[in-house]
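Novice:
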Amino acid sequence: NLLNAFSRPQVLGLWQNDQLFVHLAGALALFRDEEFTPQAIANVCRAYVKVDVDEDLEMEVLARMAGLVQRFPTGAFTAQSVSSILLSYAETKKRPPNTDAVARYLSRVLQGMGASQLGPQSSRALGMVCDALGRLDMRDTTLLPFLSACIRRLPPDSLKPASIRAIVVAFVNLGLGQEEGLLLEFLSYAAQCIQVTVEAHNSPATVNEFAAADISGIASAFAGAGRRDEPLFW
Numbered sequence: 217n218l219l220n221a222f223s224r225p226q227v228l229g230l231w232q233n234d235q236l237f238v239h240l241a242g243a244l245a246l247f248r249d250e251e252f253t254p255q256a257i258a259n260v261c262r263a264y265v266k267v268d269v270d271e272d273l274e275m276e277v278l279a280r281m282a283g284l285v286q287r288f289p290t291g292a293f294t295a296q297s298v299s300s301i302l303l304s305y306a307e308t309k310k311r312p313p314n315t316d317a318v319a320r321y322l323s324r325v326l327q328g329m330g331a332s333q334l335g336p337q338s339s340r341a342l343g344m345v346c347d348a349l350g351r352l353d354m355r356d357t358t359l360l361p362f363l364s365a366c367i368r369r370l371p372p373d374s375l376k377p378a379s380i381r382a383i384v385v386a387f388v389n390l391g392l393g394q395e396e397g398l399l400l401e402f403l404s405y406a407a408q409c410i411q412v413t414v415e416a417h418n419s420p421a422t423v424n425e426f427a428a429a430d431i432s433g434i435a436s437a438f439a440g441a442g443r444r445d446e447p448l449f450w
């Protein structure tokens, strides 16, 4: 939790985080393997990837976390912990040598989860998983159809613009834009169901719910898939 707190955007830059995280890495080394939980591993991974620390230190921490991940039974994870760990390994400055093993193991973990674990409360996590798979160029022929089915079961208004962008960009970049037509139709509809969070927004009411990166990413992905989606863009 301490690592998670010091790696938050509103805290970064207030002091020399690299020195702090070197010190915290030393403290982590004193923890026994059995003292870690999947969520603690996720917090450690996210923190060391988000903070600008020495590349060797990042690799050292992530290498240990990779070994710990695979010690847990598949039922010990939540969708949030899986997505945080997977995205961390996808965002590293330099790919740790055990990244593929971690990704394959977490793929099995996800596919063992039931509908209750991958419901509306997990929409952000599903977006993060897709983002990670796209970054890793991981065209998993069993996991991707599984994720597509899970996403299409979600209430359309449970997805935020950033998650919609992450999902559609990943599937299109992995070459599934045509094959996953039903998913793209669902994501188009979900983008049109975005809820207004600030009533003063107008022309349209959701104009400021989408970041520029969301708009450009979604538009580029749909164009790349050869889809002329008039309800979405006009």
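Numbering (my numbering), first residue to last: 217 to 450.
C-beta atoms are modelled at their ideal positions from N, C-alpha and C, and glycine is treated no differently.
Cα separation between residue 257 and residue 365?
Specialist: Position 41 of the sequence shown, counted from the start, is the residue given in the question as residue 257. Position 149 of the sequence shown, counted from the start, is the residue given in the question as residue 365. For residue 257 and residue 365, the distance between alpha carbons rounds to 28 angstroms.
Novice: Around the Cβ of residue 400, are there at least 16 other Cβ atoms within 10 angstroms (buried) or fewer (exposed)?
Specialist: Within the sequence shown, residue 400 is the residue found at index 184, counting from 1. So residue 400 ends up on the buried side.
Novice: Any idea what DSSP makes of residue 290, helix, strand or coil?
Specialist: As a first step, residue 290 must be located in the sequence shown, where it is residue number 74. DSSP places residue 290 in helix when its eight states are reduced to three.
Novice: Apart from the five residues on each side of it in sequence, which residues of its chain come closer than 6 angstroms, Cβ to Cβ, to residue 387?
Specialist: For the purposes of this step, residue 387 is identified with residue 171 of the sequence shown, where counting begins at 1. Cβ neighbours of residue 387 beyond the five flanking positions: 396.
Novice: In whole angstroms, what separates the C-alpha of residue 411 from that of residue 374?
Specialist: For the purposes of this step, residue 411 is taken as residue 195 along the sequence shown, with counting starting at 1. For the purposes of this step, residue 374 is taken as residue 158 along the sequence shown, with counting starting at 1. Computed Cα separation, rounded: 9 angstroms.
Novice: Nearest CA to the CA of residue 242: which residue from 250, 254, 260?
Specialist: Here residue 242 corresponds to residue number 26 of the sequence shown, with the count starting at 1. Measuring from the Cα of residue 242, the nearest candidate turns out to be 260.
Novice: Could you spell out the range, first to last residue, of the alpha helix (DSSP H) harbouring residue 433?
Specialist: Taking the sequence shown and counting its residues from 1, one reaches residue 433 at position 217. Counting along the chain, the alpha helix (DSSP H) containing residue 433 begins and ends at 428 to 440.
Novice: Decide if the region 437 to 450 is in contact with the region 401 to 410; the criterion is three or more beta carbon pairs, one per stretch, under 8 angstroms apart.
Specialist: Counting Cβ pairs under 8 angstroms, three or more are found: they touch.
Novice: Between residue 190 and residue 318, what straight-line distance do the alpha-carbon atoms span, to the nearest angstrom?
Specialist: Because the chain in this structure spans residues 217 to 450, residue 190 falls outside the shown range and cannot be described.
Novice: Judging by CA-CA distance, which residue of 298, 450, 262, 269 is the nearest neighbour of residue 307?
Specialist: Indexing the sequence shown from 1 puts residue 307 at position 91. Closest option to residue 307, Cα to Cα, is 262.
Novice: In whole angstroms, what is the alpha-carbon distance linking residue 341 and residue 295?
Specialist: Stepping through the sequence shown from its first residue, residue 341 is reached at position 125. Stepping through the sequence shown from its first residue, residue 295 is reached at position 79. So the alpha carbons of these two residues sit roughly 6 angstroms apart.
Novice: If you draw a straight line from the alpha carbon of residue 339 to that of residue 434, how long is it in whole angstroms?
Specialist: One-based indexing of the sequence shown puts residue 339 at position 123. One-based indexing of the sequence shown puts residue 434 at position 218. Going from the Cα of residue 339 to the Cα of residue 434 covers about 17 angstroms.
Novice: Report the start-end ranges of each alpha helix (DSSP H) in the region 338 to 415 that is 4 residues or longer and not cut off at the edges.
Specialist: Runs found: 339 to 352, 359 to 368, 377 to 389, 397 to 408.
Novice: Assuming contact is defined by CB atoms lying nearer than 9 angstroms, are residue 348 and residue 299 in contact in what I supplied?
Specialist: Along the sequence shown, one-based indexing puts residue 348 at 132. Along the sequence shown, one-based indexing puts residue 299 at 83. Cβ atoms of residue 348 and residue 299: closer than 9 angstroms.
Novice: Is the distance from the Cβ of residue 302 to the Cβ of residue 284 below 9 angstroms?
Specialist: Position 86 of the sequence shown holds residue 302. Position 68 of the sequence shown holds residue 284. No, the Cβ-Cβ distance between residue 302 and residue 284 is not below 9 angstroms.
Novice: Can you name, in chain order, every residue of its own chain whose Cβ lies under 8 angstroms from the Cβ of residue 393, other than the five neighbours on each side?
Specialist: Your numbering for residue 393 matches position 177 in the sequence shown. Only 387, 400, 437, 440, 441, 442, 443 meet the Cβ criterion.
Novice: Just tell me which of 383, 377, 381 has its CA closest to the CA of residue 424.
Specialist: Translated into the one-based positions of the sequence shown, residue 424 becomes position 208. Here the closest residue by C-alpha is 377.
Novice: Look at the alpha carbon of residue 446 and the alpha carbon of residue 431, and state the distance between them as a whole number of angstroms.
Specialist: Reading the sequence shown from its first residue, position 230 is the one you call residue 446. Reading the sequence shown from its first residue, position 215 is the one you call residue 431. Their Cα atoms are separated by approximately 15 angstroms.
Novice: Tell me the DSSP secondary structure of residue 329 in three-state form.
Specialist: Taking the first residue of the sequence shown as 1, we reach residue 329 at position 113. Residue state, collapsed to three classes: coil.
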